[in-house]
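Asks: Below you'll find the structure I mean.
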Amino acid sequence: MKVRLVGLAILCTLAVVVISKSPAIQAQGKPGLSPKGMSKAEWEFLNEINSARAHPDVYISYLEQLKPLFKGKVYRGSLETQEGWAAVEDAIAFLRTVKPESPFNVSSGLQLAAKAHVKDQSLSGATGHETQGSGAMIEDRVKPFGSWEGAIGENLSYGNDSARERLLTWLIDDGVSTRGHRKRVMSSDYRVAGLSCGKHTEYGTMCCLTLAGAFTDSLPPAKTANSNKTKPAPPKARKF
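Structure, rendered in structure tokens:
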């Protein structure tokens, strides 16, 4: 896992070259708003992801600017990647084949599942998709917060990087043979998302993106003035 994270960190560094030259993309939603209790950093990251889904051609241009900086698998003469320019080229070819997709809707249940994983790893310093101790995966972590339909998945990012750096790292997916991070964020199989970022003892910051085809949130019972005297109402559900 640590070898893969080093590769991802290197590619985050590559992305910095592009940021200052990038044309502005209109974010989904209104500036300054943070729905569903999301922090500014989380909301900016989700906007970046949704921008890539809507404008894959723009992200092709970001990636193309990296080519002169590679010599084989070495970036700028000193940083060793696992695949070098080949991974970036593969990402460009992939983005040329995808159609623009609608933005992710935010699910409170998926966001709570993402927060649970960030909290677990913030305390333990662990990495990866398994919950420490129980070995639970995303399919298990979402159960207390609702039920999903269709596909379900999760992307993780470690390090103190900007929203665009994190996203470009997922699009390049250096060293990941399945290119799973790239496919999930750009796929029409996923329509709803939850996102959480928090402190990480080893890498500074981590972000967890949970995705599903559809998700029905489990909501707590509504409180009433006579809630202490009457039987609580059954939980309500809301589907995204």
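The numbering of the sequence shown is my numbering, which starts it at 6 and goes up by one.
Glycine residues also receive a C-beta, built at the ideal position from the N, C-alpha and C atoms.
1. Would you check if the distance between the CB atom of Gly151 and the CB atom of Gly114 is smaller than 8 angstroms?
2. Over the uninterrupted alpha helix (DSSP H) stretch that includes Gly114, give me the two end residues.
3. Excluding the 5 residues flanking Pro105 on each side, which residues of the same chain have their C-beta closer than 8 angstroms to its C-beta?
4. Return yes when the C-beta of Lys148 is under 7 angstroms from any heavy atom of the ligand GTP, and no when it is not.
5. Exposed or buried, what is Ala98 when buried is set at 16 or more other beta-carbons lying within 10 Å of its beta-carbon?
6. Report yes if the C-beta distance between Ala217 and Gly155 is below 8 angstroms; otherwise report no.
7. Let me make sure I understand the geometry here. Which of Leu74, Val93 and Ala92 has the alpha-carbon closest to that of Ala84?
8. Any idea if Leu128 is buried or exposed, counting beta-carbon neighbours within 10 angstroms, 16 or more meaning buried?
9. With H, G and I counted as helix, E and B as strand and the rest as coil, what does DSSP make of Lys148?
10. Note the first and the last residue of the continuous beta strand (DSSP E) segment covering Phe220.
11. Do you know offhand how far Arg81's Cα is from Leu71's?
12. Quick one: using the 10 Å Cβ neighbour count with 16 as the cut-off for buried, is Lys35 buried or exposed?
13. Need the endpoints of the alpha helix (DSSP H) that Ala168 sits in, please.
14. Would you list the one or two residues that DSSP bridges to Trp153?
15. Applying the criterion that 16 or more other CB atoms from any shown protein chain within 10 Å of the CB defines a buried residue, is Arg189 buried or exposed?
16. Could you tell me the alpha carbon to alpha carbon distance between Met191 and Leu51, rounded to whole angstroms?
Replies: The short version:
1. Note that the C-beta distance between Gly151 and Gly114 is below 8 angstroms.
2. Here the alpha helix (DSSP H) through Gly114 covers Ser113 to Ser129.
3. The beta carbon of Pro105 sits closer than 8 angstroms to the beta carbons of Arg58, Ala59, His60 and Pro61 from its chain, once the five residues preceding and following it are set aside; these are given in chain order.
4. The ligand GTP is absent from the structure shown, which contains no ligand whatsoever.
5. Counting Cβ neighbours within 10 Å, Ala98 comes out exposed, since fewer than 16 surround it.
6. Yes, Cβ-Cβ distance for Ala217 and Gly155 is below 8 angstroms.
7. In the sequence on display, residue 84 carries Leu and not Ala. If we check each option's Cα against that of Leu84, Leu74 comes out closest.
8. Exposed.
9. DSSP, reduced to helix, strand and coil, places Lys148 within a helical segment of the structure shown.
10. Gly209 to Ser223 is the span of the beta strand (DSSP E), which, as asked, contains Phe220.
11. If you draw a straight line from the Cα of Arg81 to the Cα of Leu71, it is about 10 angstroms long.
12. Any reading at Lys35 must be qualified, since the residue scores a pLDDT of 38, below 50, and its modelled position is unreliable; the value itself is stated next. Taking all protein chains in view, the Cβ of Lys35 is surrounded by fewer than 16 other Cβ atoms within 10 Å, so the residue is classified as exposed.
13. Start and end: Ala168 to Ile177.
14. Paired residue(s): Phe220.
15. Arg189 should be labelled buried.
16. Their backbone Cα atoms lie some 13 angstroms apart in a straight line.
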